[in-house]
Every structure is written in C-alpha cells, then in structure tokens.
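K.L.:
The sequence shown begins at 1478 in my numbering and counts up by one.
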Amino acid sequence: MGSTVREGTLAGGLPYLAIGSGPPVVVLAGLDGTGGTTNPAGPARTFELRPYRRLAAHRTVLVVRRSPGIATGCTMAQLASQHAQALAGELALPVDVIGVSTGASIGLQLALDHPGCVRRLVLLAGACRLSDQGRAVQRTQAALVREGRYRRAMAATVPAVFSSAASRLAMRTLVPLTARPLTRQQADDLVRTIEAEDAFDLTGSLDRIGAPTLVIGGTADGYYGPDLFRRTASDLPRGALRLLPGNSHAATVSSARAAREILEFLQAPEPATLG
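1. Quick test of your reading: isoleucine 1686 and alanine 1588, contact by CB under 8 Å. State the CB separation rounded to the nearest angstrom.
2. Quick check: valine 1614 and alanine 1664, are their CB atoms within less than 7 Å of each other?
3. Leaving aside the five residues before and after glutamine 1586 along the sequence, list all residues of the same chain whose C-beta is less than 8 Å from its C-beta, in chain order.
4. Figure out for me which residue from Ala1581, Ala1563, Arg1527 has the closest Cα to the Cα of tyrosine 1700.
5. Can you tell which of Ala1688, Arg1715, Arg1661, Leu1487 has its C-alpha closest to the C-alpha of leucine 1564?
6. Just how far apart, CA to CA, sit serine 1498 and glutamine 1744?
7. Mapping DSSP to helix, strand and coil, what is aspartate 1712?
8. Pull up the distance between the alpha-carbon of threonine 1750 and that of arginine 1734, whole angstroms please.
9. Output needed for arginine 1707: all residues of its chain with C-beta closer than 7 Å, excluding positions within five of it in sequence on either side, in chain order.
10. Taking glutamate 1484 as part of the beta strand (DSSP E), name the residues at either end of that continuous run.
11. Is it right to say serine 1711 is buried, meaning 16 or more other beta carbons lie within 10 angstroms of its own, or is it exposed?
12. I need the straight-line Cα distance from threonine 1696 to leucine 1568, nearest angstrom please.
13. To the nearest angstrom, how far is it from the Cα of glycine 1479 to the Cα of tyrosine 1529?
14. Comparing C-alpha positions only, which one of Val1574, Ala1637, Val1503, Ala1632 sits nearest to asparagine 1724?
15. How would you write the range of the beta strand (DSSP E) that arginine 1597 sits in, first residue to last?
16. Can you give, in chain order, each stretch of the alpha helix (DSSP H) that sits fully within the segment 1550-1628 and has at least 4 residues?
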C-alpha cells in the first residue's frame, strides 16, 4: 500500500481502517461479503484501500463500517445517528465524508439529519435511493442470506455490480467460489442493512442538504443508474455530477478518474466550486 494501515474501533463500536496523514476524511463503506460490520483482511483489505492511496498522500483516510449487532427494523436515520455520535466522539467536526454505495445512503442521511458533521460530501456510486433493479437485487440477496445460501446470495448481486456480459459470466463463476460463509451475526447485519436501504428514499429531502456534494456514478450502474445520479445532483442545492460513461457499479468505485475527481473536490478552496 505504501502507507501503514491502522485499525481500530470508534465510539459505539464502529470498526475502521485508517491510512495516510493529515486532516481526516471519513469513508462510509458499502455492503460487502461480511455484512459490512467487519474490517476486511488480506487481499480484500488491500483491494478496498487501493482507491484511496492518492488521497492518503494528503489526508488521513478512515474507512468506517457499521457497528456489529444491527437491530431489527433499524433505519438509515438510526445508522446515520450512530455515525454522528461516533464521529463526534473522535474527530473535530465537521469533516469531509465519502459515502460508497450503501455508505452513500448513510452519508446523505448524515448530511440531512446531522449537518454539523459534514463539511463536504462525496457520493461514490450512490444516490438518493436505490433503483427498482437495485432494490430487486438486494431483496433477492437478503432472501438467500436468510436461507443460509451465502454463496448464491453474493452471486445474485453480479448483474447490478458488473455491466459487461463477459464480466458477469466470469464473476458468476468466481464469486460463489470465493465467497465465505457468514456468521449468524454477519448474516443478520447484512440483511438488516439491506432492509434499511430498501426503505431509504431522500428524493423529497435533497433540497434541505446544504453541504457541497459531488455525485460520481457510472452510466452502467445497476444499483442506482444515471437517471438517479442526475436527479440527486440536480436537486441538491450545492450538488455536482460526474458521470463516468460505460462504468459499472464496481468500475466506478475502483476508478482512477473517480479518485482524481474526489481529490480535486476535497482540495478545492471553500466554499467548494461546483459545476
């Protein structure tokens, strides 16, 4: 990585990984194969942190996950409140926030309900709600997880995550081979996070979010899609959009262009110049 990785737990039990030095940037992680409440290890850790290497040359990047033991019926507002309390207990607020996929949903809710926490916001492959396809995929995933069919559950996400026929074919074969069984708590946390995002929709509240916000999305994203990226950016009072032509959900998250856009946005003088 070229940077020492630190690991810890924020107030309230939220696990994090940190790289770099300088003013903090908080990354709200998306869903993964462990329920989104456990820090990855080994190659998965390297892969997750790679997109933030450029940013870590200038800033301390903290990749934050949800606290294990998510309650039944938990909402995005409750998850955002937990994050607000954790950040207030550890950092000088406000801070710059990058929300990734499901983490972007939490980031938007955080900016709406706890505006004092968020200085600037990046929505990386995330929007004001899931698309119909995105909801259908996550509902299928949750149903398979409830049945204990974890490998099938991960394979069910492939159509939303990848766009080309070749990549979908390859990943449908690879994902079931590499996906690991979940503990009961990890499975419950994954399902409850999916249920929270299923009910999440800030379409009618975007005009109340004052933080400068950069929306980055791919035109071939299966969870959200270009129309929702455009709507999110246009309805935010200080929103800007960077659409990546042909990029899938996965390609956007790992995109070198996205990394450059994020660095430029976060380094811009305040107030951030959006366009």
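Yeah, the Cβ is synthetic: ideal placement off N, Cα and C, and Gly gets one too.
These numbers were taken from a predicted model, which means no experiment stands behind them.
P.N.:
On the basis of the data shown:
1. Residue 1686 sits at position 209 when you count from the first residue of the sequence shown. Residue 1588 sits at position 111 when you count from the first residue of the sequence shown. 5 Å between Cβ atoms; contact.
2. Counting from one through the sequence shown, the residue named residue 1614 turns up at place 137. Counting from one through the sequence shown, the residue named residue 1664 turns up at place 187. With contacts defined by Cβ atoms closer than 7 Å, valine 1614 and alanine 1664 do not form a contacting pair.
3. Counted from its first residue, the sequence shown places residue 1586 at position 109. Annotation for glutamine 1586: Met1553, Ala1554, Leu1556, Ala1557, Phe1677, Leu1679 place their beta carbon closer than 8 Å to its own, counting only its chain and skipping 5 residues before and after.
4. Working through the sequence shown from its first residue, we reach residue 1700 at position 223. Closest by alpha carbon: Ala1581.
5. For the purposes of this step, residue 1564 is taken as the residue at position 87 of the sequence shown. Considering only alpha carbons, the answer is Leu1487.
6. Counted from its first residue, the sequence shown places residue 1498 at position 21. Counted from its first residue, the sequence shown places residue 1744 at position 267. Each residue's alpha carbon lies about 15 Å from the other.
7. Within the sequence shown, residue 1712 is the residue found at index 235, counting from 1. Correct three-state label for aspartate 1712: helix.
8. Taking the first residue of the sequence shown as position 1, residue 1750 is located at position 273. Taking the first residue of the sequence shown as position 1, residue 1734 is located at position 257. A caution first: threonine 1750 carries a pLDDT of 45, below 50, which makes its placement in the model too unreliable to give a value.
9. Residue numbering aside, residue 1707 sits at position 230 when the sequence shown is read from its first letter. Taking C-beta separations shorter than 7 Å and ignoring five residues to either side along the sequence, the partners of arginine 1707 in its chain run Leu1718, following chain order.
10. Indexing the sequence shown from 1 puts residue 1484 at position 7. In this chain, the beta strand (DSSP E) harbouring glutamate 1484 covers 1483-1487.
11. On the sequence shown, position 234 is the one that residue 1711 refers to. With fewer than 16 other beta carbons inside 10 angstroms of its own, serine 1711 counts as exposed.
12. Translated into positions along the sequence shown, residue 1696 becomes position 219. Translated into positions along the sequence shown, residue 1568 becomes position 91. Taking the straight line joining both Cα atoms gives about 35 Å.
13. Counting from one through the sequence shown, the residue named residue 1479 turns up at place 2. Counting from one through the sequence shown, the residue named residue 1529 turns up at place 52. The predicted position of glycine 1479 is uncertain, since its pLDDT is 46 and thus under 50; a value taken from the coordinates is nonetheless stated next. The straight-line gap separating the alpha-carbon atoms of glycine 1479 and tyrosine 1529 is approximately 11 Å.
14. Numbered from 1 along the sequence shown, position 247 holds the residue referred to as residue 1724. It is Ala1637 whose Cα lies nearest to the Cα of asparagine 1724.
15. For the purposes of this step, residue 1597 is taken as the residue at position 120 of the sequence shown. From DSSP, the beta strand (DSSP E) with arginine 1597 extends over 1595-1601.
16. Look at the segment 1550-1628 and you find these whole runs of alpha helix (DSSP H), each 4 residues long or longer: 1553-1567, 1579-1590, 1609-1623.
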